[in-house]
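Worksheet: one structure, shown below.
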Amino acid sequence: MTYLSELFASRELFYNLTMRDVKGKYRRTVLGQLWSLINPLATMLVYTLVFSFIFRARPSVGDPSGLDIYPLWLMTGLLPWLFFTRVVTGGMSSVIGNAGLIKKVYFPRMHLPFSVAGSVGYTWAIEMGVLVVALTVFGGMPLIWVPVAVLFMVLLALFALGLAMLLAIGNVYFRDLQHFTSIALQMWMYLTPIIYPLHLVEDQAEVHGQWILDVYRLNPMERFVSVFRELLYDNRWPDLGDSLVCVAWTVAMFTIGFLVFKRSEKRLAELL
Amino acid sequence: MSEAAVVVDDVSKKFRLYKEKNDSLKTAFMRGRRSVHEDFWALKDVSFEVPEGSTFGLVGRNGSGKSTLLKCLAKILYPNSGSISSRGKVASLLEVGSGFHPELSGRENVYLNGSILGMSRKDVDKKFDEIVDFSGVRKFIDQPVKNYSSGMYVRLGFSVAINVDPDVLVVDEILAVGDAAFQAKCKEKFAEFRRAGKTVILVTHSMGNIRDMCDHAAWLDNGSLVQVGDAQSVMKAYTADIDKGDR
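Chains A and B supply the protein sequences, listed in that same order. Using this note's numbering, count along the first sequence one by one with no gaps and you end on 272. Using this note's numbering, count along the second sequence one by one with no gaps and you end on 247.
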């Protein structure tokens, strides 16, 4: 309990480290924070061109919102995914990246991955805000679902943090891990229905066997993406099963990451 | 003797010297889980007390374990056995300007660095003018610190650290910071610290510093404590030993 209270007592450090990243990132750029919007917009254009125009991916029409716009459908899944990967890769390298600090000053080290989630989350919140505005402009009703969506954003943040803390410690022992993780994350993205709809996988499962879908749906990110789509694109309550799976994964992953990090924290200065 | 501010009780610290370390997955698989190492005891059963309000010097040759002990005091390293207990807030000054972000202004970095060292926003607000005046970089406080000269950078870092206002301050050889005028200011600050009844523990190789500033000292050699007591007698024994070694 004392560990948690110390972490809470130093919450100003969390805030300051977060703002260090937020402010430092776009210093001396003409467009500043706008860059954080230009990035996902560029990705959206490319994916829309390739997967909607060329590959003809056709997601089902938003029910009950009636939306049928691929770029918006894409972004409701892609923005959470991008947040997830940035927290995992950033949080994972935060310990090694701040080795100088860890060796010279005492402070609760957990603030390093936490502040990555904080600064990436700050950008994500802006992106999601813009997305909600766009969805509203094109005829959706996402506004009333925003509070529930925020709840799931927090869950996803904790899930990503748990994984990031676990990998951050692993990375101290085996530096190979960060290269491995970037490959794994790429494959993971294509194994999640972000740029193509889930029903394409269901079609294949009907032909080749139900097990394909069962294995496919073990992926927790599939559940998170579905929940965000249902809330913001379809504008309805997310599937209860999906929501519970999200909560379970979050609790498990965060607990494991937290405990592993806490156990190794004291030895970090020696290991780095 | 007054009450102890810090009690170092039977502290030992072991490092592993790896001959062949499994730091990549490949080597881990090739060799199984075994990695070859040798234990090196940087500190062996060190015990002493630092009286409250004293300025306590740690002396010894290079590699005698001073810095390891200091890092244990600063809670950066944790001893393998024994314990260190202290009364009040402990702050450490092992490096100045830790965590400065080059693109942020001096002002922003003061707040950032202050919170890394354990100050609240309110503390920094209260002390901000004092910090800036002490560092002597007021004119440039809103410039990004990457444009600072190395002297300005270090002086600002030092000014934040010295204003953390702990009960026990742990200092590694950083008294060589800045020009002569700034060093004089630092010494004055340490004297002020002492007058306020605060405890300072410092490592230095400068005999002059120990003589001027410390009233107690401990002498470490090869990880073991050789002598502890008032600064004069410890220094006498230590210098005698060095002279003997030189001959």
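In this text, a Cβ means the ideal position worked out from N, Cα and C, and glycines have one as well.
For residue i, does the three-state DSSP call read helix, strand or coil?
i: A:I96; result: helix
i: B:D9; result: strand
i: A:W145; result: helix
i: B:K204; result: First, the residue type needs correcting, since residue 204 of chain B is Thr and not Lys in the sequence shown. B:T204: coil per DSSP, three-state reduction.
i: B:G229; result: strand
i: A:A42; result: helix
i: B:H101; result: coil
i: B:I131; result: helix
i: A:P71; result: helix
i: A:P64; result: coil
i: A:I169; result: helix
i: B:A196; result: coil
i: B:A74; result: coil
i: A:W211; result: helix
i: B:K44; result: strand
i: A:G129; result: helix
i: A:F152; result: helix
i: B:T55; result: strand
i: A:F107; result: coil
i: B:D142; result: coil
Within the 7 Å Cβ cut-off, does residue i reach chain A?
i: B:Y153; result: no
i: B:A74; result: yes
i: B:I116; result: yes
i: B:R121; result: yes
i: B:H37; result: no
i: B:L77; result: yes
i: B:I141; result: no
i: B:L202; result: no
i: B:S64; result: no
May I have the straight-line CA-CA distance separating residue i from residue j, to the nearest angstrom?
i: B:M1; j: B:S115; result: With a pLDDT of 46 at B:M1, under the threshold of 50, the modelled position of this residue cannot be trusted, and the question is left open.
i: A:A99; j: A:S115; result: 15 Å
i: A:S60; j: A:I256; result: 37 Å
i: B:P102; j: A:S36; result: 21 Å
i: A:P197; j: A:M187; result: 17 Å
i: A:G32; j: A:M189; result: 28 Å
i: B:M152; j: B:S135; result: 7 Å
i: B:V203; j: B:E52; result: 18 Å
i: A:T254; j: A:M19; result: Sequence inspection shows Phe at residue 254 of chain A; the Thr mentioned does not correspond to that position. Approximately 23 Å between the Cα atoms of the pair.
i: A:L259; j: A:V46; result: 40 Å
i: A:V130; j: A:D68; result: 18 Å
i: B:K244; j: B:A218; result: 19 Å
i: A:L7; j: B:K71; result: 21 Å
i: B:I76; j: A:L74; result: 46 Å
i: A:A117; j: A:A157; result: 7 Å
i: B:S150; j: B:A180; result: 15 Å
i: B:F193; j: B:I131; result: 15 Å
i: B:L117; j: B:L156; result: 14 Å
i: A:P193; j: B:F100; result: 41 Å
Step through the CB atoms of chain B and report whether any lies within less than 7 Å of the CB of residue i.
i: A:N219; result: no
i: A:K262; result: no
i: A:G24; result: yes
i: A:L79; result: no
i: A:R11; result: no
i: A:L101; result: yes
i: A:Y106; result: yes
i: A:R109; result: no
i: A:R223; result: no
Using a threshold of 7 Å, state whether the C-beta atoms of residue i and residue j are closer than that.
i: A:P108; j: A:M165; result: no
i: B:N80; j: B:K13; result: yes
i: B:Q227; j: B:A237; result: yes
i: B:A167; j: B:G57; result: Note that residue 167 of chain B is Asp in the sequence shown here, rather than Ala. Going by C-beta atoms, B:D167 is not nearer than 7 Å to B:G57.
i: A:R223; j: A:E230; result: no
i: B:G82; j: B:L220; result: no
i: B:A74; j: B:G223; result: no
i: B:H205; j: B:S54; result: no
i: B:V6; j: B:V50; result: yes
i: A:P305; j: A:V227; result: A question about residue 305 of chain A goes unanswered here, because the residues of chain A that appear run from 1 up to 272.
i: A:V120; j: A:V146; result: no
i: B:L17; j: B:E3; result: no
i: B:A231; j: B:V164; result: no
i: B:F40; j: B:V8; result: no
Since residue i and residue j are thought to touch, with beta carbons under 8 Å apart, how far apart are those beta carbons, to the nearest angstrom?
i: B:S67; j: A:V105; result: With 8 Å as the limit, B:S67 and A:V105 do not qualify as a contact, their Cβ atoms being about 15 Å apart.
i: A:L185; j: A:T85; result: 5 Å
i: A:G62; j: A:D242; result: About 17 Å; that fails the 8 Å criterion.
i: A:L177; j: A:N171; result: 5 Å
i: A:A57; j: A:I195; result: 7 Å
i: A:K103; j: A:A248; result: Actually they do not touch by this definition, with Cβ atoms about 38 Å apart.
i: A:W124; j: A:V225; result: A:W124 to A:V225, Cβ: 14 Å. No contact.
Would you say residue i reaches chain C, if we count a Cβ-Cβ gap shorter than 7 Å as a contact?
i: A:N16; result: Absence of chain C from the displayed structure is noted, the protein chains being A and B.
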